[in-house]
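One structure is given below, encoded as structure tokens.
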Amino acid sequence: MSVIDKATFNELKQMSGADFINELIDAFLEDAPHMISEMRAALTTKDVESFRRNAHSLKSNANTFGALELAALAKELEFMGKENNLDIGNRLEVLNEVFGKVAEELKGMRA
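Just so you know, we're using my numbering here: the sequence shown kicks off at 131 and counts up by one.
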């Protein structure tokens, strides 16, 4: 089962062009693990604003590609950060697992 909404991805590809889509994918695959790492660090230091900001960026980037499950998880974490609630249980691990699936699928979708 696909973790990328094909209609959203194809619309992005059509708007950006086949060459630029590869750059967008590469940037996302490089930036997203950093955002997740920053969220993990923010949990350790109880930095709610950094946690929320990174969750927001990840949500926005995931939505751009049609990675809807990843975006929904990031949105939930962003909301928790807005509520000053860093008691997130295993949500960051789940988000990281979903990102792994998204990354594999995006690698295969490079033009």
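Positions of the beta carbon are idealized from the N, C-alpha and C atoms, including for glycine.
Asked	Found
Is it the case that the segment 206 to 226 contacts the segment 182 to 190, given that we only count it when at least three CB pairs across the two stretches are under 8 angstroms?	yes
Report the option in N140, A171 and F158 whose CA atom is closest to the CA atom of E234.	F158
Go ahead and label F139 buried or exposed: buried means 16 or more other beta carbons lie within 10 angstroms of its beta carbon, across all protein chains shown.	buried
Check whether the Cβ of V224 lies closer than 7 angstroms to any Cβ atom in chain E.	Absent here is chain E; the protein component of the structure consists of one chain.
Report the option in E153, R170 and S146 whose CA atom is closest to the CA atom of G219.	R170
Between L225 and L203, which are expected to be in contact by the criterion C-beta below 8 angstroms, what is the C-beta distance as a whole number of angstroms?	5 angstroms
Tell me the rounded alpha-carbon separation between D217 and E223.	13 angstroms
Alpha carbon to alpha carbon, what distance is there between G147 and E179?	35 angstroms
With the cut-off set at 7 angstroms, would you say F229 and L200 are in Cβ contact?	yes
Short of 6 angstroms in beta carbon distance, which residues of its chain neighbour I151, apart from the five on each side in sequence? Order them along the chain.	K143 and A241
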